[in-house]
Structures are given as C-alpha cells and as structure tokens.
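Participant: Please see the structure below; I have some questions.
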Amino acid sequence: MTNKSSREIPSLSSYDVHLTPEVVDSIRAVLPQVGDDVVAAIIAEVPPYQDALSGHMGETIRTAVGIALGGFLSLASGDGLPADVSAATPPALQGAYDLGRGEARSGRTMEALLAAYRIGARVAWRELASKAVEGGMAPEMLVEFSALVFAWIDEISEASAAGHADERATTGRVQRQLRERLARKLLAEATPEELDDAAVRAEWTPPSTLTAVLVPNSQVGTILAKVNQGTLEHDDLRDLDDHTLLLVPDAHGRRRRALMKALEGRRAVAGPAKPWREARVSYERARRVHLAGLGSDTEQHLVELVLSADTDAREDLRAQVLAPLADLRPATAEKLTETLRSWLLHQGRREDVAAELFIHPQTVRYRMGQLRDVYGDRLDDPAMLLALTVALG
Numbered sequence: 113m114t115n116k117s118s119r120e121i122p123s124l125s126s127y128d129v130h131l132t133p134e135v136v137d138s139i140r141a142v143l144p145q146v147g148d149d150v151v152a153a154i155i156a157e158v159p160p161y162q163d164a165l166s167g168h169m170g171e172t173i174r175t176a177v178g179i180a181l182g183g184f185l186s187l188a189s190g191d192g193l194p195a196d197v198s199a200a201t202p203p204a205l206q207g208a209y210d211l212g213r214g215e216a217r218s219g220r221t222m223e224a225l226l227a228a229y230r231i232g233a234r235v236a237w238r239e240l241a242s243k244a245v246e247g248g249m250a251p252e253m254l255v256e257f258s259a260l261v262f263a264w265i266d267e268i269s270e271a272s273a274a275g276h277a278d279e280r281a282t283t284g285r286v287q288r289q290l291r292e293r294l295a296r297k298l299l300a301e302a303t304p305e306e307l308d309d310a311a312v313r314a315e316w317t318p319p320s321t322l323t324a325v326l327v328p329n330s331q332v333g334t335i336l337a338k339v340n341q342g343t344l345e346h347d348d349l350r351d352l353d354d355h356t357l358l359l360v361p362d363a364h365g366r367r368r369r370a371l372m373k374a375l376e377g378r379r380a381v382a383g384p385a386k387p388w389r390e391a392r393v394s395y396e397r398a399r400r401v402h403l404a405g406l407g408s409d410t411e412q413h414l415v416e417l418v419l420s421a422d423t424d425a426r427e428d429l430r431a432q433v434l435a436p437l438a439d440l441r442p443a444t445a446e447k448l449t450e451t452l453r454s455w456l457l458h459q460g461r462r463e464d465v466a467a468e469l470f471i472h473p474q475t476v477r478y479r480m481g482q483l484r485d486v487y488g489d490r491l492d493d494p495a496m497l498l499a500l501t502v503a504l505g
C-alpha cells in the first residue's frame, strides 16, 4: 500500500474490549454468513454494484469482505498485539487497498465504494453485536465494541480510498501520455492503421471530425472546461512554445458556433473541422492564420490563405498581368491599377467603384477608357479576368 492516511491511527488501548473465547468462537462461526449478508446488502442498496458482484470481480469482493472481517476479529481478540492497528492486521489493510485499486480499474467511483463500506459497516455491526451478546458479552461492553467496529471500518475504508485514488492517478497519467502520443501521430502523418492502434491504446473513441485549436498556455484550462472531454492535447509545437494544441472532437456544423463562442476573448485560433485522421490539415491552417495574425476563425480568412499560399508565384502573376502598364508613369500606373482592382471586385459597377475610391464616376469612366486602350480585348477574356482578380485580390 503506497498511500497511507496521515490521520491518527487508533490504538488497541483506546478501546476497553475483552472478548472471551466463547464470544470469539460465536463470532467466528457466523463470519461467512455475515460476509454474504454484507455483499447482499451492497447489491441491493448501491446501484453501481448491482451487476458487479458476479464472476471474477464478485469473488474478489467477497474475498476482501472476508479478509476485512477476519482482520477485525484478530484485532478484537488478540493478546499482545501491537498498538498500531495497521501493524496489527497488514493483510486486511493491503486487501482493502488492492480492492480500491480494482474498483477504480472497473470504473466505479470513490462515492460508490465508500457507500458500500457504510452499508457493510451497518450490516456487520448488527450481526456481530448480536452474536457477541449471544456469546456472553456484557451489554455495557457493547459501546466499546461498537467503537472498535466502526474504527476498524473507518481504517479499511481509508485504505480502499487510498488504493482507488492511487489507481486513478496512475491510470490518468498513463492515459494522458497515450493520448499525447496519439496527438503527435496525428500531426506526423501516421498511417491509418497506426492511428487506429494508437486510439485503441489510449482508450479514445474516434469522432467524426477533429478541429485544431491553438490556445495560449494560460487559457488551456479555461477552454478545456468548455469543450468535449475527448479533446486531445499537445504542447510540444514547433515555434509555438507559448501555445498548446487542442484537437476538439465533433465541433463541426452548428457545434462550431459553440466552439467559437468558447474561444471569444481567449486569443485562440480554430482551424476547420476535418475527418479525425486528417487533423494535421486543420492544425496547419490554424497555424498559418495564427502566424499571419488574421483572427480566431480560419474559415473567415480562406481568401487570404489562398492568395498567400505561394507569395512568389503571386508576385510573378501580378507582374505578368500588369505588364501592359509598365510603360506608363508610375503615378498613372498606380491609379489605374487601383481602379482596375476595384472595377473587378465591383463587377464593373461605376458608382460603387467611385464610392470606394472617393472619385467622380466620370473619373472612373476616363480611367477605364485608359485601361481598355492598354489592354484591349483582353479585359473581356475570362482567363485574363481571373488572372487579374487573383493577382490584385
């Protein structure tokens, strides 16, 4: 047992209990029945145990109950035992600790485990007290006997609670490590088979989609409290030491609005929802938007992302489509370029172009005449219009 209680452990001298051999024999004779009655009461009164006390786990729990009752009898009847309860009955305390770990592995809560102890104490006390009196215990001794019973139950329940907590801590630590490994594999373009195997090892149920969210380290806890519990974390990011990556399950469709609301004011960036094995695509997009300082929702910046995907190619395209203006004075070429861009984006609506550029509509007509003189029929060519729109976008 690795996690002992810091509580003051009761000593045998604290309880003025003297069990005669006749009382000991009377109690020992009914211990198996008391154990069965305790198990039956737990099944009846603690819902998480209704289907748990069968098969291997049921046998483990029955054995633990038997060891606990036997440990109590040794404690109450022994001569010359040490004053420390834990030293007096190490097998019983170790059994209780192991039971707590097993219950944590089975998924039952600490609350359910302690409820089982409370019910077991009630049943055991009633039957042990009855047999003690039948065996000749003086009624005035029952108060001390009762105190010893419940002190013992308190001690072994603490041992079980310690085992439960230790197992949960160990399991949680291992699970976090396995889920972190899964997140790394998702970013490393692992094969579908490798990803499926990593998900199984991490006891993680794959969702339909994952959405990558880059979060400042100081905001991780706050955001985790507002998203799916199956969210994966990864904090070893290239060039992003001050950020953590969260991979949020099934935040697509209408659920994306809830995710974006949770991110408001958090300086986080959310990528697109992608099939879970393609989470790296979502991460790369979130990373680009973050580094460009564009905003929190990558889906609001798709045009900027497309236009900046290959900046060298875009500059070459711009030089190519603006080549007809190369012989004009720089100031004139700049004004015509500005007018051409607005004309393309406003689909030739002269008044809208004039309003955007703060010029008269007649000035727009004049400049467009200049542009048609330079470009000729190419301003009616769809391919040229597409090239100009991309280059000037």
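Taking the numbering used here, I'd label the letters of the sequence shown as residues 113 to 505. Don't be surprised by glycine CBs; every beta carbon is placed ideally from N, CA and C. It should be emphasised that the depicted structure is a prediction, and the values quoted were computed from it without experimental measurement.
1. Between which two residues does the beta strand (DSSP E) containing VAL327 stretch?
2. Counting C-beta neighbours from all protein chains within 10 Å, is the total for TYR395 16 or more, i.e. buried, or is it exposed?
3. So, helix, strand or coil for VAL360, using DSSP?
4. Can you list, in chain order, the residues of its chain whose CB lies under 6 Å from that of HIS458, leaving out five sequence neighbours each side?
5. Who are the near neighbours of ALA176 in its chain, counting only those whose CB is closer than 8 Å to its CB and skipping five residues on each side?
6. Quick one: using the 10 Å Cβ neighbour count with 16 as the cut-off for buried, is THR356 buried or exposed?
7. I need the boundaries of the beta strand (DSSP E) containing ALA314, first residue and last residue.
8. If I follow the unbroken beta strand (DSSP E) through LYS243, where does it start and stop?
9. Would the stretch 228 to 238 count as touching the stretch 292 to 307 if we require 3 or more Cβ pairs under 8 Å?
10. Please list, in chain order, all residues of the same chain as LEU497 whose beta carbon is under 8 Å from its beta carbon, the five residues on each side excluded.
11. Taking all protein chains shown into account, decide if LEU522 is buried (16 or more other Cβ within 10 angstroms of its Cβ) or exposed.
12. Sorted by chain position, which residues of the same chain lie with C-beta nearer than 8 Å to LEU371's C-beta, five sequence neighbours on each side aside?
13. Bridge partners of VAL381, per DSSP?
14. For ARG213, which residues in the same chain have their Cβ closer than 8 Å to its Cβ, ignoring the five residues on either side in sequence?
15. Could you compute how far the alpha carbon of LEU225 sits from the alpha carbon of TRP388?
16. Report the partner residues of HIS355 according to the DSSP bridge assignment.
17. Helix or strand or just coil, what does DSSP make of LEU344?
18. For THR423 and ASP354, what's the separation of their Cα atoms in angstroms?
19. Please tell me whether TRP316 and LEU349 are closer than 8 Å, where the distance is taken between their beta carbons.
20. Where GLU437 and ASN329 are concerned, what is the direct C-alpha to C-alpha distance, given to the nearest angstrom?
21. Short of 7 Å in beta carbon distance, which residues of its chain neighbour PRO318, apart from the five on each side in sequence? Order them along the chain.
22. Grab me the residues of ALA314's own chain with a C-beta within less than 6 Å of its C-beta, minus the 5 sequence neighbours each way, in chain order.
23. If we ignore side chains and look at the alpha-carbon of each, how far apart do ARG285 and ARG397 end up?
24. Looking at the structure shown, is LYS447 part of a helix, part of a strand, or coil, going by DSSP?
25. Whose CA, out of LEU469, LEU452, LEU483 and VAL486, lies closest to the CA of THR501?
26. Have a look at ALA468 and GLN474 and give me their C-alpha separation to the nearest angstrom.
27. Out of GLU215, GLN331 and THR334, which one is the CA nearest neighbour of THR283?
28. Can you tell me which of the three DSSP states ASP308 falls into?
29. Taking Cβ to Cβ, would you say ALA204 is nearer than 8 Å to ILE179?
30. Looking at the structure shown, is GLY373 part of a helix, part of a strand, or coil, going by DSSP?
31. If you measure between the beta carbons of LEU185 and VAL146, is that distance less than 8 Å?
32. Would you kindly work out how many angstroms separate the C-alpha atoms of SER408 and LEU307, rounded to a whole number?
33. Could you name the residues of the same chain whose beta carbon sits closer than 7 Å to that of GLY192, not counting the 5 residues immediately before and after it, in chain order?
34. Checking the sheet assignment: what are the DSSP bridge partners for ASP428?
35. Could you name each continuous alpha helix (DSSP H) segment of 4 residues or more that falls completely within the stretch 464 to 490, going from the start of the chain to the end?
36. Do you know how far the Cα of ALA425 is from the Cα of GLU376?
Facilitator: From the atom records:
1. 321 to 328
2. buried
3. strand
4. ASP464 and VAL465
5. GLY207, ALA208, ASP210 and LEU211
6. buried
7. Unbroken run through ALA314: none, as it is neither H nor E.
8. Premise fails: LYS243 lies in the alpha helix (DSSP H), 222 to 246, not in any beta strand (DSSP E).
9. no
10. LEU456 and LEU491
11. Residue numbering for the chain in the displayed model covers 113 to 505; residue 522 lies beyond these limits and cannot be assessed.
12. THR323, VAL325, VAL339, VAL360, ALA363 and ALA382
13. LEU326
14. GLY275, HIS276, ASP278 and GLU279
15. 37 Å
16. PRO328
17. strand
18. 27 Å
19. no
20. Reading the sequence as shown, one finds Leu at residue 437 and not Glu. Between LEU437 and ASN329, the C-alpha separation is close to 50 Å.
21. ALA311 and TRP388
22. LEU290, ARG291 and LEU294
23. 30 Å
24. helix
25. LEU452
26. For the record, residue 468 in the displayed sequence is Glu; it is not Ala. Taking the straight line joining both Cα atoms gives about 14 Å.
27. GLU215
28. helix
29. yes
30. According to the sequence shown, residue 373 is Lys rather than Gly. DSSP places LYS373 in helix when its eight states are reduced to three.
31. no
32. 28 Å
33. Low confidence applies to GLY192: its pLDDT is 38, below 50, so where it sits in the model is not reliable, and the reading given next is rough at best. Nothing meets the Cβ criterion.
34. DSSP, once it has assigned bridges, lists no residue as partnering ASP428.
35. 473 to 487
36. 35 Å
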